[in-house]
Amino acid sequence: MKISKAVLSESTKLSQFIKMVFDSSVANFYSDQGNEEFYKYITPKAIEEQLQKDHWILKAEIDKKLVGIIEIRSNNHLSMLFVDPQHQKRGIGRQLLVQAIKLIKQNNSSVKMITVHSSPNSVTAYEALGFKSVSDEKEVNGIKFTTMEMKIPE
Ligand SMILES: CC(C)(COP(=O)(O)OP(=O)(O)OC[C@H]1O[C@@H](n2cnc3c(N)ncnc32)[C@H](O)[C@@H]1OP(=O)(O)O)[C@@H](O)C(=O)NCCC(=O)NCCS
235 MKISKAVLSE STKLSQFIKM VFDSSVANFY SDQGNEEFYK YITPKAIEEQ LQKDHWILKA
295 EIDKKLVGII EIRSNNHLSM LFVDPQHQKR GIGRQLLVQA IKLIKQNNSS VKMITVHSSP
355 NSVTAYEALG FKSVSDEKEV NGIKFTTMEM KIPE
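Numbering-wise (my numbering), the sequence shown opens with residue 235 and increments by one.
1) Tell whether a beta-carbon distance below 8 Å holds between S353 and V260.
2) What distance in whole Å lies between the Cβ atoms of M347 and K366, which are believed to be in contact at a cut-off of 8 Å?
3) Can you find a heavy atom of ligand 1 that lies under 7 Å from the Cβ of V350?
4) Between which two residues does the beta strand (DSSP E) harbouring L312 extend?
5) Got a sec? Which residues, its chain only, sit under 7 Å from K274 by beta carbon, not counting five neighbours each side?
6) For G302, tell me which candidate among Q284, T380, I326 and S308 has the shortest Cα-Cα distance.
7) Since V345 and I386 should fall inside the 8 Å C-beta cutoff, what is the C-beta to C-beta distance between them, to a whole number of angstroms?
8) For S258 and S356, I'd like the C-alpha separation in whole angstroms.
9) Would you kindly check if the distance between the Cβ of A240 and the Cβ of K293 is under 8 Å?
10) What do you get for E305, buried or exposed, if any count of 16 or more other CB atoms within 10 angstroms of its CB means buried?
11) Tell me whether R324 sits in a helix, a strand or coil according to DSSP, three-state version.
12) How about V332: is its Cβ closer than 7 Å to a heavy atom in ligand 1?
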């Protein structure tokens, strides 16, 4: 498996991949309004705009096929982690997180904590990855999430 930084010209491929994983694993937990809100966030244009601001994405590929992505905002917030349903529970999410933390530290060695707004289906996975809940579940614009944080290992 190869993990590398995604580039602007891949926004359509990234958008299609994220929508496919979202529809199969997350959409059922949100209202229609929540799903629409999420789709707006992951259009190719929105992804390009975010990459040109303060977001970056690492992609995981097997035989050049996209199998996972992690998106980091402001170098301290995990805004998306999506693994192809057929490749889940094989350590790809963890490897993406480990590589993202390396890059966060390279970018700014003073970052000590990362946060995530976990969807209801992935709180247990984030706990296994080292995050702890810091609030009860909230719902904003139909999107349900639990704020979690993790101390970055030294
Ligand atoms: C959450 C997600 C990214 C995890 O990716 P993954 O590649 O399957 O995770 P890994 O195989 O690296 O597993 C990491 C740890 O989480 C645990 N885990 C993974 N999926 C889990 C699940 N559905 N329920 C409980 N634990 C889970 C694993 O057992 C592992 O723990 P361990 O090392 O103690 O055994 C993946 O399930 C996914 O894409 N889900 C749908 C999209 C989503 O909800 N993303 C989060 C949006 S905020």
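Just so it is clear, CB atoms sit at the ideal spot from N, CA and C, and this is done for glycine as well.
The structure says:
1) yes
2) Their Cβ separation, rounded to whole angstroms, is 11 Å, which puts K366 and M347 out of contact at 8 Å.
3) yes
4) H311 to V317
5) A280
6) I326
7) 6 Å
8) 13 Å
9) yes
10) buried
11) coil
12) no
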